[in-house]
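In what follows, a structure is listed as structure tokens, so that the remarks can point back to it.
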Amino acid sequence: MIVIITAVDRENTLLLQQLTSSQHHHCGHLNVTSGLLGSTPVAISTSGIGKSNTAAATALLLNAFSPDHLVMIGCGGAFVQSGLTLGDVAIAREEIYADEGVSTPEGFVDMADLDLAYAQTAQQRYFNHFPVNDDLSQRSLHCLQQADTSGHACSCGPFITVSTCSGTQQLGAQRRDRYPAIIENMEGAAAAHICALNAVSFFELRGVSNFIEDRDPSHWNLALAMDNAQKALLTLIHQGLFTD
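Using the numbering used here, read the sequence shown as starting at 2 and increasing by one per residue.
And the structure:
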């Protein structure tokens, strides 16, 4: 069983169209649809935008479904240095809380420098960085690079999660100097955080909807990014990546 979580409904519409044997559930405040994608059991839900919504939804879904994997998909902004273009697909190698810390006259001080763990298990203290299933990410990258993606590329690298998106090139540059990420988003680290606390495999994939630059919506393509992320996940599911 895999649980698939998205920030907004539009990010899971293609998945729901492909779902068979579907059933509808209420899980706390969430609406959840379960069923089969191919032969893989899944549960799909929309968390809402941002870290708090995502953390709450992830905790509820892990408790309700006890999945083997939690998968987050959606769209995200690409840093120009990533080499990604609109509609390309990015896979997270790790998730990083880019806002958590202290802003000082000398610069930003993150949770590790403060020695304040943001989360802790019996095995590890977590600061700004949270893990993904690295083996699954690498196998997924290889699979998508071999697949027909209609001319769109696939890359794997660190993602950062923020509360305030980088609507200026200057802010984006400051964040990337701190954390050399390929994608900025508003949810992923929160899902990775809750998965780490519960020892559940986490995987994240996003379509590139925009670049980290001075904000200009005329340069965006949200629909393409959302569709390509879902198509990529369907490819991975049908190739058996989540049943190995």
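Don't be surprised by glycine CBs; every beta carbon is placed ideally from N, CA and C.
All figures in this text were calculated on a predicted structure; none of them were measured in a lab.
Selection from the options that minimises the alpha carbon distance to residue i
i	options	result
Val81	Glu185, Ser48 and Thr47	Glu185
Ser151	Leu87, Gly36 and Met73	Leu87
Ile3	Asp69, Asn13 and Gly36	Asp69
Met73	Ile238, Ser219, Glu188 and Gln240	Glu188
His153	Leu85, Leu31 and Gln18	Leu85
Arg249	Ser40, Thr41, Thr244 and Ser83	In the structure displayed, the chain extends from 2 to 245; residue 249 sits before or after that span and is not available.
Ala58	Ser202, Ala118, Pro42 and Val33	Val33
Ala197	Arg216, Glu95, Asn54 and Ser53	Glu95
Ala233	Asp89, Pro218, Ser48 and His25	Asp89
Gln240	Ala174, Gln147 and Arg176	Gln147
Within 8 Å, strictly: CB atoms of residue i and residue j
i	j	result
Leu15	Gln231	yes
Leu38	Leu235	yes
Val133	Glu205	yes
Ala182	Gly158	yes
Leu71	Ile6	yes
Ile97	Ala190	yes
Leu242	Cys144	yes
Asp111	Phe128	yes
Ser67	Leu137	no
Ile195	Thr41	no
Ala8	Ser53	no
8 Å Cβ shell around residue i - same chain, five flanking residues per side excluded
i	result
Asp228	Leu15 and Gly208
Ser210	Cys76, Gly77, Gly78, Leu87, Trp221, Asn222, Leu223, Leu225, Ala226 and Met227
Ala200	Thr122
Leu115	Gly102 and Val103
Leu62	Val4, Ile6, Cys28, Leu31, Val33, Ala44, Ser46, Pro68 and Leu71
Ala118	Met112, Arg126, Tyr127 and Phe128
Proximal residues to residue i (C-beta, below 7 Å), its chain only, five neighbours per side dropped
i	result
Phe109	Gly102 and Arg179
Phe212	Gly78, Ala79, Val81 and His220
Ala120	Tyr127, His194, Ala197 and Leu198
Outcome for residue i when other beta-carbon atoms lying within 10 angstroms are tallied against a minimum of 16
i	result
Ile50	exposed
Ala126	The residue you asked about is not Ala; residue 126 is Arg in the sequence shown. So Arg126 ends up on the exposed side.
Glu107	exposed
Leu142	buried
Ser167	buried
Ser83	buried
Asn64	exposed
Own chain residues within Cβ distance below 6 Å of residue i, not counting five before or after
i	result
Asp100	Val163 and Ser164
Ala44	Val4, Val33, Ser35 and Phe66
Gln56	Position check: residue 56 holds Ala in this sequence, whereas Gln was assumed. Correct list, in chain order: Ala191 and Ile195.
Ser23	Thr34 and Gly36
Arg216	Gly168
Starting from the N-terminal side, write out each stretch of the beta strand (DSSP E) that is 3 residues or longer and does not extend beyond the stretch 145 to 215.
155 to 162, 184 to 186 and 202 to 212
Where in the stretch 48 to 124 do unbroken runs of the beta strand (DSSP E), each at least 3 residues long, occur, reported from the N-terminal end onward?
70 to 79, 90 to 98, 102 to 105 and 108 to 111
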